[in-house]
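Trainee: In terms of UniProt numbering, the sequence shown opens at residue 5 and continues consecutively.
In this text, a Cβ means the ideal position worked out from N, Cα and C, and glycines have one as well.
A single structure is presented below for examination.
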Amino acid sequence: KIGEMRFDGKVAIVTGAGGGLGREYAISLADRGASVVVNDLGGTRSGQGKNNAAADKVVQEIISKGGKAVADYNSVEEGEKIIQTAISNFGRIDILVNNAGILRDKSFLKLSVEDWNIVLKVHLQGSFLVTKAAWPYLREQKYGRIIMTSSGAGIYGNFGQANYSAAKLGLLGLSNTLAVEGKKYGIHCNTIIPLAGSRLTEDILPSELFDKLKPEYVSPLVVWLCHESCPETGGVFEAAGSWIGKYQWQRSVGKAYLPANEKLTAESIRDNWNLITDMSDCNTPASVQEQMGLLVEALTGSVTDRRKQTQSQQPNKDN
Ligand code: NAI
Numbered sequence: 005k006i007g008e009m010r011f012d013g014k015v016a017i018v019t020g021a022g023g024g025l026g027r028e029y030a031i032s033l034a035d036r037g038a039s040v041v042v043n044d045l046g047g048t049r050s051g052q053g054k055n056n057a058a059a060d061k062v063v064q065e066i067i068s069k070g071g072k073a074v075a076d077y078n079s080v081e082e083g084e085k086i087i088q089t090a091i092s093n094f095g096r097i098d099i100l101v102n103n104a105g106i107l108r109d110k111s112f113l114k115l116s117v118e119d120w121n122i123v124l125k126v127h128l129q130g131s132f133l134v135t136k137a138a139w140p141y142l143r144e145q146k147y148g149r150i151i152m153t154s155s156g157a158g159i160y161g162n163f164g165q166a167n168y169s170a171a172k173l174g175l176l177g178l179s180n181t182l183a184v185e186g187k188k189y190g191i192h193c194n195t196i197i198p199l200a201g202s203r204l205t206e207d208i209l210p211s212e213l214f215d216k217l218k219p220e221y222v223s224p225l226v227v228w229l230c231h232e233s234c235p236e237t238g239g240v241f242e243a244a245g246s247w248i249g250k251y252q253w254q255r256s257v258g259k260a261y262l263p264a265n266e267k268l269t270a271e272s273i274r275d276n277w278n279l280i281t282d283m284s285d286c287n288t289p290a291s292v293q294e295q296m297g298l299l300v301e302a303l304t305g306s307v308t309d310r311r312k313q314t315q316s317q318q319p320n321k322d323n
């Protein structure tokens, strides 16, 4: 088909691809010609046990449709081994979708150190280790597409998910730096925030929503971000149901206490709190360079504070 995005000759690894979202990503990439490593440990939702059946089933599904896939049963904690599965079976690696994940939800008071450690180990450490092992290959060939999987819980926080939200926002930090470091080597790294009905969300999402939020609505975004024609890197994109959008950081114009004019004290912060936290005219720096640039403008007094202009343009009510 004209205009169809193809992945012929490309090799993709999808971690946690034995079910849910990962399965959809693996099948979609294979349908479009990629050779896929279907990685899945096959444990329970909370990360216990293991079972080869999960990955095998998805590999069978892909092969029965004429696609190319191989199973890998390692935990993402064994990053090197997963990359070796790609190299020994397909000779290269182009795409890595870090998707494997577990949950150990508990309110913070009840959260044990073990619950904290295992969630950080699978999501953050796991994605780090697989990506770390893939990186030299991507750098050497000057091409790569990496996806990190964050979550609304990481962005906003969510009751009972202190461990999970810490790991998920950690992945965004990792992604941001890999996007910066990968740029000159043609390596793109983006973060997705999916929402879909899966075994991870079956008792969390209301049932009417669960049926509407199909994993197959998330995979087209992953396919696009993993394609060689996609210029995006360092972005954060949400896919939920059939809705796709982008996130960015916002920073209030804030207030600089320039020594010539005003003294910075706890009291002067208190007295200007509404102005400092006013988001109506916020800016959206996209890098530390932009952040520093805006800071320098504010500290040299060269920032145009449009809030003041609008205020002074408003008719004085007393007149
Ligand atoms: P899922 O439970 O259906 O799939 C996760 C897969 O990862 C499972 O097949 C599991 O066996 C595998 N896995 C777990 N630990 C592993 C390990 N150590 N090594 C290799 N594989 C391992 O869950 P779902 O919903 O498909 O989630 C996929 C990703 O999306 C996860 O990272 C999750 O945190 C994230 N996510 C999902 C949301 C949703 O609404 N479903 C919302 C936000 C984020």
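May I ask you to report which of helix, strand or coil DSSP gives tyrosine 77?
Mentor: In this structure, tyrosine 77 counts as coil in the three-state DSSP scheme.
Trainee: Confirm, please, whether the CB-CB distance from proline 219 to glycine 24 is below 7 Å.
Mentor: Yes, the pair counts as a contact, with Cβ atoms nearer than the cut-off.
Trainee: Based on the DSSP secondary-structure assignment, which residues constitute the bridge partners of isoleucine 150?
Mentor: Leu100 and Cys193
Trainee: Let me check understanding here. Comparing Cα to Cα, which of Val257, Val292, Leu217 and His192 lies closest to residue 1?
Mentor: Nothing can be reported for residue 1: it is not among the residues displayed for the chain, which extend from 5 to 323.
Trainee: Consider the C-beta atom of proline 198 and the heavy atoms of the ligand NAI; say whether any pair is separated by less than 6 Å.
Mentor: yes
Trainee: Just reading off the alpha helix (DSSP H) that phenylalanine 241 is part of, what are its end residues?
Mentor: Counting along the chain, phenylalanine 241 falls outside any alpha helix (DSSP H), though it belongs to the beta strand (DSSP E) covering 240-244.
Trainee: Using a Cβ-based criterion (distance less than 6 Å to any ligand heavy atom), does alanine 104 qualify as near the ligand NAI?
Mentor: yes
Trainee: Can you tell me where the alpha helix (DSSP H) holding glycine 24 begins and where it ends?
Mentor: 24-35 is the extent of the alpha helix (DSSP H) around glycine 24.
Trainee: Measuring alpha carbon to alpha carbon, tell me which of Asn180, Gly177, Leu178 and Ser154 ends up nearest serine 169.
Mentor: Considering only Asn180, Gly177, Leu178 and Ser154, the residue with the shortest C-alpha distance to serine 169 is Ser154.
Trainee: Is leucine 279 helix, strand or coil by DSSP?
Mentor: helix
Trainee: If you count every other CB in all the chains shown that lies within 10 Å of the CB of alanine 270, and 16 or more means buried, which is it?
Mentor: By the neighbour-count definition (other C-beta atoms within 10 Å, threshold 16), alanine 270 is an exposed residue.
Trainee: Measuring only the C-alpha atoms, how far is tyrosine 147 from aspartate 98?
Mentor: Approximately 7 Å, taken between the alpha carbons.
Trainee: May I ask you to check if the CB of glycine 249 is nearer than 6 Å to at least one heavy atom of the ligand NAI?
Mentor: no
Trainee: Where does the unbroken alpha helix (DSSP H) through lysine 250 begin, and where does it stop?
Mentor: If you look at lysine 250, you'll find it isn't in any alpha helix (DSSP H); it sits in the beta strand (DSSP E) that goes 247-251.
Trainee: Measure the C-alpha to C-alpha separation of arginine 149 and asparagine 265 and round it to an integer number of angstroms.
Mentor: 50 Å
Trainee: Do aspartate 76 and valine 41 have their CB atoms nearer than 7 Å?
Mentor: Yes, the pair counts as a contact, with Cβ atoms nearer than the cut-off.
Trainee: Is it buried or exposed, alanine 21, if we count other Cβ atoms within 10 angstroms and call 16 or more buried?
Mentor: buried
Trainee: On a CA-only basis, which of Asp282, Glu81, Val80 and Gln64 is nearest alanine 73? Give me that one, please.
Mentor: Closest by alpha carbon: Gln64.
Trainee: What whole-angstrom Cβ distance do alanine 137 and isoleucine 87 have, given they're in contact under 8 Å?
Mentor: 4 Å
Trainee: Go ahead and label alanine 290 buried or exposed: buried means 16 or more other beta carbons lie within 10 angstroms of its beta carbon, across all protein chains shown.
Mentor: exposed
Trainee: Measuring CB atoms only, is the segment 183-193 touching the segment 237-245, in the sense that at least three cross pairs come out at less than 8 Å?
Mentor: For the pair of segments examined, the segment 183-193 was found to touch the segment 237-245: the number of CB pairs separated by less than 8 Å reaches three.
Trainee: Restricting to Cα atoms, I'd like to know which of Gly130, Leu229 and Asp285 is closest to arginine 10.
Mentor: Leu229
Trainee: Under the three-state reduction of DSSP, which class applies to asparagine 43: helix, strand or coil?
Mentor: strand
Trainee: Can you tell me the Cβ-Cβ gap for glutamine 145 and glutamate 81, rounded? I've got them flagged as a contact below 8 Å.
Mentor: Rounded, the Cβ-Cβ distance is 26 Å, inconsistent with contact.
Trainee: For methionine 283, does the count of other Cβ atoms within 10 angstroms reach 16, so buried, or fall short, so exposed?
Mentor: exposed
Trainee: Whole alpha helix (DSSP H) runs in the segment 177-229 with 4 or more residues, listed along the chain?
Mentor: 211-216
Trainee: Cutting at 7 Å between CB atoms, please list the residues of its own chain near serine 256, excluding the five before and the five after it.
Mentor: Ile280, Thr281, Asp282, Met283 and Cys286
Trainee: Provide the residue(s) that pair with arginine 255 in DSSP beta bridges, ordered along the chain.
Mentor: Asn287
Trainee: Leaving out five residues on either side along the sequence, give the residues of the same chain with a beta carbon under 6 Å from the beta carbon of glycine 245.
Mentor: Taken in chain order, the residues that qualify are Lys216, Leu217 and Tyr221.
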